[in-house]
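Notes to accompany the following structure.
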Amino acid sequence: MSVKYSRGLYKFLRNIVGVCIWPLVRTKYTNRNNIKEEGRYVFASNHVSFADPIFVGVGQKIPIRFMGKAELFKNPITNWFFTKMGAFPVDRASNDGEAIKYAMKVIDGGDALGIFIEGTRSKTGELLRPRSGAVMIAHQMNCKIIPVCVTYRTKKQHFFSRRYVSFGEPVSTKDLGVTEGTPRELRNASRELMNRIEVMWKRDKYGN
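Start counting the sequence shown at 128; every next residue gets the next number (the working numbering).
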């Protein structure tokens, strides 16, 4: 898998996108730019919109390279944009081992990895059952996880809807209960990670 990406171009595009969308899209961030050092993080987020990588990426100064569904890379325009933003495709219909290997290379190369832990977009905005990929990768790469929550307060969602993007504090897989990396540990840790996202989700969704 070959992805043409540079941190300099990523930061340039992110800043341009941030300036362009700021007056058009109302976004409330919590803990924006709370991660100061680059590299060796997994940003684990729920998923409600195709634009989530953009708004999560704008919320941090460090580059976040997202795993994205392969369909996004079939269109020349979206393929160019997401590739330049450091994203890379994953085949959701199969156990895409190549994408997992590449994700580990991303972290090993000093970049932060972004994963939507539900594995698909929630059409209702409600949280879905998490998958274990984010915790598995973080455990194997010995890096911390940043819980991320994206939500809306309106029933109908579109690109210009007011959105809430919250970043949690870094957490280790050990803190989530992983010691040996067994499938059961990974599943339980993923549920605990989703519980932390749910706390932010309820606060942002209902203003609690």
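Here a beta-carbon is modelled for each residue, glycine too, at the ideal position from N, C-alpha and C.
Point to revise | Option nearest residue 278 by Cα separation, candidates 149, 251, 161, 264 | key: Here residue 278 refers to the residue found at position 151 when the sequence shown is read from its first residue. If we check each option's Cα against that of residue 278, 251 comes out closest.
Exercise for review: Identify whether residue 163 lies in helix, strand or coil by the three-state DSSP scheme.
Suggested key: By 1-based counting over the sequence shown, the position of residue 163 is 36. Coil at residue 163, not helix or strand.
Practice item. Could you have a look at residue 137 and say whether DSSP puts it in helix, strand or coil? Key: Indexing the sequence shown from 1 puts residue 137 at position 10. Helix, per DSSP.
Review point. Buried or exposed: where does residue 322 fall if 16 or more other Cβ atoms within 10 Å of its Cβ makes it buried?
Key: Counting from 1 along the sequence shown, the entry for residue 322 is found at position 195. Its Cβ having fewer than 16 others within 10 Å, residue 322 is exposed.
Review point. Just how far apart, CA to CA, sit residue 148 and residue 195?
Key: Within the sequence shown, numbered from 1, the residue matching residue 148 stands at position 21. Within the sequence shown, numbered from 1, the residue matching residue 195 stands at position 68. The alpha-carbon atoms of residue 148 and residue 195 are separated by roughly 21 Å.
Point to revise | Where residue 128 falls, given that 16 or more other Cβ within 10 Å makes a residue buried | key: What you label residue 128 is simply residue 1 of the sequence shown in a count that begins at 1. Bear in mind that a pLDDT of 46 at residue 128, under 50, signals an unreliable position, so the model cannot answer this.
Review point. Along the chain, which unbroken stretches of the beta strand (DSSP E) at least 3 residues long are found entirely within the segment 231-299?
Key: 239-243, 271-279, 290-294
**Study point:** Reduced DSSP category for residue 196 - H, G, I as helix; E, B as strand; rest coil
**Key:** Working through the sequence shown from its first residue, we reach residue 196 at position 69. If DSSP states are grouped into helix, strand and coil, residue 196 belongs with the strands.
Exercise for review: Report yes or no: do the segment 199-213 and the segment 278-289 share at least 3 C-beta pairs separated by less than 8 Å?
Suggested key: no
Check your understanding: Got a sec: is the Cβ-Cβ distance from residue 312 to anything in chain B below 8 Å?
Key -> The chain inventory of the structure shown lacks chain B, comprising one protein chain alone.
Check your understanding: What first and last residue would you give for the alpha helix (DSSP H) that runs through residue 170?
Key -> Against the sequence shown, residue 170 aligns to sequence position 43. No alpha helix (DSSP H) holds residue 170; the beta strand (DSSP E) holding it covers 168-172.
Review point. Closest by CA to residue 177, which one among 191, 285, 324, 165?
Key: Residue mapping note: residue 177 aligns to position 50 of the sequence shown, counting from 1. It is 285.
Practice item. Closer than 6 Å by C-beta to residue 155: which residues in its own chain qualify, once you throw out the five before and the five after it? Chain order, please. Key: Reading the sequence shown from its first residue, position 28 is the one you call residue 155. These residues qualify, in order along the chain: 291.
Practice item. Report yes if the C-beta distance between residue 226 and residue 233 is below 8 Å; otherwise report no. Key: As a first step, residue 226 must be located in the sequence shown, where it is residue number 99. As a first step, residue 233 must be located in the sequence shown, where it is residue number 106. Contact flag unset, no.
Check your understanding: Which whole-angstrom value is the C-beta distance of residue 241 and residue 185, which I expect to be below 8 Å?
Key -> As a working mapping, residue 241 is identified with position 114 in the sequence shown. As a working mapping, residue 185 is identified with position 58 in the sequence shown. Going by Cβ atoms, the distance from residue 241 to residue 185 rounds to 12 Å, so no, they are not a contact pair.
Check your understanding: Does DSSP put residue 157 in a helix, in a strand, or in coil?
Key -> The residue you call residue 157 lines up with position 30 of the sequence shown. Strand.
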